[in-house]
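Quick notes on the structure that follows.
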Amino acid sequence: MTAAAVLSATAAACLLAPSTASAGPPAVRLPSPHAGFDYQIGGAYTPPAGVKTVSRDRGAAPARGLYNLCYVNAFQAQPGAEKEWDSDLLLRDANGEVVYDGDWGEAVLDIRTAGKRKRIAAKVNGWIDSCADKGFQAVEPDNYDTYTRFPEHLKASQAKAFISLLSAHAHDKGLAIAQKNTPELAADRKQTGLDFAVAEECGQWDECGKYTAAFGDRVLVVEYSADGLRKACAGWGERLSIVRRDVGVSPVGSSGYLRRTC
37 MTAAAVLSAT AAACLLAPST ASAGPPAVRL PSPHAGFDYQ IGGAYTPPAG
87 VKTVSRDRGA APARGLYNLC YVNAFQAQPG AEKEWDSDLL LRDANGEVVY
137 DGDWGEAVLD IRTAGKRKRI AAKVNGWIDS CADKGFQAVE PDNYDTYTRF
187 PEHLKASQAK AFISLLSAHA HDKGLAIAQK NTPELAADRK QTGLDFAVAE
237 ECGQWDECGK YTAAFGDRVL VVEYSADGLR KACAGWGERL SIVRRDVGVS
287 PVGSSGYLRR TC
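In this text, residue positions in the sequence shown follow the numbering used here: the first is 37, and each later residue adds one.
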């Protein structure tokens, strides 16, 4: 075979062989601004008319045809779930006792070292994988602001380092990732890789502007009082997705269920 023939055959083989080059992570889709929103992390139900965006717990299925956020408790253990975590990954005080968020009965996770952050992220990222497999478009990691409640143990820099691990993984899976509350860190969104915000009671506490300064109109607002809803709607009703829910975010049909919009 001549040299020209060899080159020709080699080129043909390359064209026919499957490509081994990485196509890169899948594209991330963001929620539409000022779309109808429902917050269903306490139990899934048929979304009301006009809802385009919904947040549900990771154990639920996404709502068909809508933009779905997958809620995960990333910085604290769910109530009673301490045994699902390695003992050394639970934050402990000077006496060796597990630190709890008393309002919710949740053990706080220890994100103080890079090694522990990596191990905690491995577990949370497994949940993120499940969210992607189910067909969610985004993930909502809760309790980013845990460090503000336990400043004697945790620092903002540790929270940012940990959420950055989750952001990178979510993007690799094709999921957008929300900043949950924590307006004081909204300006760091590029550093942490966060795409949009879920802000509880930003109307009540006059904080919505802190989120829009970082995320524009891609802010999903959840209020829990009539006054909070009034303030959010008055200031931001033409720009943001706003809903009022009961504090227990109860499903339709339960005694505590409440939902209002602007």
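All C-beta atoms, glycine included, are put in the ideal place defined by N, C-alpha and C.
Environment of residue i [buried if 16+ CB atoms lie within 10 Å]
i	result
residue 133	exposed
residue 276	buried
residue 91	buried
residue 178	buried
residue 252	exposed
residue 237	buried
residue 291	exposed
residue 267	buried
residue 250	buried
residue 83	buried
residue 113	buried
residue 248	buried
residue 264	buried
residue 162	exposed
residue 138	exposed
residue 229	buried
residue 37	Reliability fails at residue 37, whose pLDDT of 44 lies under 50, so the model's placement of it is uncertain and the value that follows must be treated cautiously. So residue 37 counts as exposed.
Same chain, Cβ closer than 7 Å to residue i, five either side skipped, listed in chain order
i	result
residue 192	183, 221
residue 209	164, 165, 168
residue 158	none
residue 246	219, 222
residue 189	127, 135
residue 43	No answer about residue 43 holds up, because its pLDDT of 37 lies below 50 and its placement is not dependable.
residue 93	77, 107
residue 149	none
residue 125	145, 146, 152, 155, 156
residue 227	196
residue 296	265, 280
Cβ shell of residue i (< 6 Å), same chain only, five flanking positions each side left out
i	result
residue 294	282
residue 288	81
residue 206	164, 175, 213
residue 129	135
residue 286	78, 292, 293
CB of residue i within 7 Å of CB of residue j, strictly
i	j	result
residue 218	residue 180	yes
residue 213	residue 203	yes
residue 233	residue 215	yes
residue 231	residue 66	yes
residue 72	residue 86	yes
residue 127	residue 108	no
residue 223	residue 257	no
residue 279	residue 75	yes
residue 254	residue 69	yes
residue 284	residue 78	yes
residue 160	residue 110	yes
residue 186	residue 106	no
Beta-carbon proximity list for residue i, same chain, < 8 Å, skipping 5 on both sides
i	result
residue 153	147, 194, 197, 198, 201
residue 115	140, 141, 142
residue 58	In this prediction, residue 58 scores a pLDDT of 45, lower than 50, which makes its location untrustworthy; no coordinate-derived value is stated.
residue 273	298
Residue i CB to nearest heavy atom of the ligand ATP below 6 Å
i	result
residue 133	With respect to the ligand ATP, the structure offers nothing, as it holds no ligand at all.
Contact belief for residue i with residue j at Cβ below 8 Å, rounded distance in angstroms
i	j	result
residue 97	residue 170	6 Å
residue 269	residue 298	4 Å
Inset, instruction - Tell me the start and end of each unbroken alpha helix (DSSP H) in the stretch 104-176 that is at least 4 residues and wholly inside, in chain order. - result: Scanning the stretch 104-176 from its first residue to its last, the whole alpha helix (DSSP H) runs of 4-plus residues come out as 150-170.
Inset, instruction - At 3 residues or longer, and completely inside the stretch 213-282: list those beta strand (DSSP E) runs for me, N to C. - result: Along the stretch 213-282, the beta strand (DSSP E) occurs as fully enclosed runs of 3 or more residues at 232-236, 255-259, 277-281, listed in sequence order.
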